[in-house]
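All remarks here apply to the structure that follows.
In the UniProt record's numbering, the protein residues as written are 1 to 343.
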């Protein structure tokens, strides 16, 4: 019977498994079983779900009355939402649908993805106001060369733990955005800034949450900003950093040890200006995963980093070229090392 119910869900509103009396193929299943099935129907993703009539969870409310009653009473199905908020008139048309969805979460933590434009800011703020205390994860995607600050204030989200800003165009007002980020709540643990260049990074230094962050994704354009960021984030366990250096190396760096960093991804977007010196200055005794994308194989520097870090590394990921001799050198010092080469 569960397989039959799953088939019915897949065919959606065609309802090929409806019986003559209008009952669903799964209408006699216990509520507990339906809840498990419904939970598996919702896509497992960190991003918000669009309110699509032909996809779960909304589809589950359209099969039969009993399914609707069960689905509407499952808050975990309604905790993720993708909102289109580019234009006020667009948001006005779907506001009721969004509000109904969010109400069904019954106070549970919310994960929202917002397709953003400043034109829809006021309407969006009004829509979200009753739910701001629930929002624990927020992704804002923008296609326009404008900053939303101060239209959307992050201090309005007192429970926010995970913030992602994804700009597909250049952010025209970085100072205003930096000021908005300086008001992030003390609950924040993960900050991902995609496509955003802050020149210099010191604009963000006033942000009051660096010390508590455990994950950061960011672009830096000056060499000293790499180590400066690690200084700002003593509790960081995971860092994905895009290195877009614009000037030649000026000097060697003072040795720096970060005791909590466990995962480091280095993505080089420019000429290798001074990366060797930066790696030579760094010690990470608890580093378990190191990834290098677009980075020339700095073989000697990485071997020295492994030695300074007590050979604690468990996985080494290279996107690019690696010789068999280099691979053998890594395995000679850490025989159990999982080496992955991609691209």
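C-beta: ideal position from N, C-alpha, C; glycine also. Model, not experiment: these values are computed from the prediction.
For residue j and residue i, the rounded distance between their alpha carbons
{"i": "residue 207", "j": "residue 257", "result": "23 Å"}
{"i": "residue 126", "j": "residue 93", "result": "14 Å"}
{"i": "residue 149", "j": "residue 183", "result": "Bear in mind that a pLDDT of 48 at residue 149, under 50, signals an unreliable position, so the model cannot answer this."}
{"i": "residue 52", "j": "residue 282", "result": "48 Å"}
{"i": "residue 99", "j": "residue 45", "result": "21 Å"}
{"i": "residue 43", "j": "residue 66", "result": "22 Å"}
{"i": "residue 292", "j": "residue 322", "result": "11 Å"}
{"i": "residue 296", "j": "residue 305", "result": "16 Å"}
{"i": "residue 259", "j": "residue 91", "result": "46 Å"}
{"i": "residue 197", "j": "residue 223", "result": "14 Å"}
{"i": "residue 23", "j": "residue 63", "result": "Confidence at residue 23 is low in this model, with a pLDDT of 48, below 50, so the placement of that residue is unreliable and no value is reported for it."}
Which of helix, strand or coil DSSP assigns to residue i
{"i": "residue 334", "result": "coil"}
{"i": "residue 98", "result": "helix"}
{"i": "residue 324", "result": "helix"}
{"i": "residue 117", "result": "coil"}
{"i": "residue 106", "result": "coil"}
{"i": "residue 19", "result": "In this prediction, residue 19 has a pLDDT of 39, which is less than 50 and means its spatial position is unreliable; what the coordinates show is noted afterwards. It is coil, neither helix nor strand."}
{"i": "residue 258", "result": "coil"}
{"i": "residue 266", "result": "strand"}
{"i": "residue 293", "result": "strand"}
{"i": "residue 385", "result": "Lying before the first or after the last residue shown, residue 385 is absent from the chain, which here runs from 1 to 343."}
{"i": "residue 149", "result": "Confidence is the limiting factor: at residue 149 the pLDDT is only 48, short of 50, which leaves the residue's position unreliable, though a coordinate-based value still follows. Residue 149 falls in the coil class under three-state DSSP."}
{"i": "residue 240", "result": "strand"}
{"i": "residue 340", "result": "strand"}
{"i": "residue 111", "result": "strand"}
{"i": "residue 50", "result": "coil"}
{"i": "residue 175", "result": "helix"}
{"i": "residue 329", "result": "helix"}
{"i": "residue 186", "result": "coil"}
{"i": "residue 127", "result": "helix"}
{"i": "residue 180", "result": "helix"}
{"i": "residue 56", "result": "coil"}
CA nearest to the CA of residue i, picked from the options
{"i": "residue 124", "options": "300, 141, 84, 292", "result": "84"}
{"i": "residue 30", "options": "301, 65, 108, 70", "result": "70"}
{"i": "residue 310", "options": "284, 292, 325, 332", "result": "284"}
{"i": "residue 317", "options": "266, 243, 119, 332", "result": "266"}
{"i": "residue 181", "options": "195, 142, 163", "result": "163"}
{"i": "residue 264", "options": "99, 133, 238, 122", "result": "238"}
{"i": "residue 135", "options": "67, 109, 222", "result": "109"}
{"i": "residue 140", "options": "89, 114, 130, 41", "result": "114"}
{"i": "residue 298", "options": "38, 319, 232, 104", "result": "319"}
{"i": "residue 187", "options": "96, 177, 154", "result": "154"}
N-terminal and C-terminal residue of the beta strand (DSSP E) that residue i is part of
{"i": "residue 80", "result": "80-85"}
{"i": "residue 192", "result": "190-194"}
{"i": "residue 167", "result": "162-167"}
{"i": "residue 65", "result": "Counting along the chain, residue 65 falls outside any beta strand (DSSP E), though it belongs to the alpha helix (DSSP H) covering 65-72."}
{"i": "residue 33", "result": "Residue 33 -> not in any beta strand (DSSP E); alpha helix (DSSP H) instead, spanning 31-41."}
{"i": "residue 247", "result": "First-last for residue 247: undefined, no H or E at that position."}
{"i": "residue 137", "result": "135-142"}
Residue i, enclosing alpha helix (DSSP H) - first and last residue
{"i": "residue 225", "result": "223-232"}
{"i": "residue 318", "result": "First-last for residue 318: 315-319, but that is the beta strand (DSSP E), not the alpha helix (DSSP H)."}
{"i": "residue 308", "result": "299-308"}
{"i": "residue 281", "result": "275-281"}
{"i": "residue 219", "result": "It is not in any alpha helix (DSSP H) - residue 219 instead sits in the beta strand (DSSP E) that spans 215-220."}
Cβ distance (whole Å) where residue i is taken to contact residue j below 8 Å
{"i": "residue 217", "j": "residue 240", "result": "4 Å"}
{"i": "residue 347", "j": "residue 214", "result": "Since the first residue of the chain shown is 1 and the last is 343, residue 347 is not available in this structure."}
{"i": "residue 211", "j": "residue 248", "result": "With 8 Å as the limit, residue 211 and residue 248 do not qualify as a contact, their Cβ atoms being about 32 Å apart."}
{"i": "residue 158", "j": "residue 120", "result": "In fact, because the Cβ distance is near 23 Å, the residues do not count as touching under 8 Å."}
{"i": "residue 195", "j": "residue 112", "result": "Incorrect: roughly 19 Å between the Cβ atoms, too far for contact."}
{"i": "residue 314", "j": "residue 338", "result": "6 Å"}
{"i": "residue 262", "j": "residue 289", "result": "7 Å"}
{"i": "residue 243", "j": "residue 220", "result": "6 Å"}
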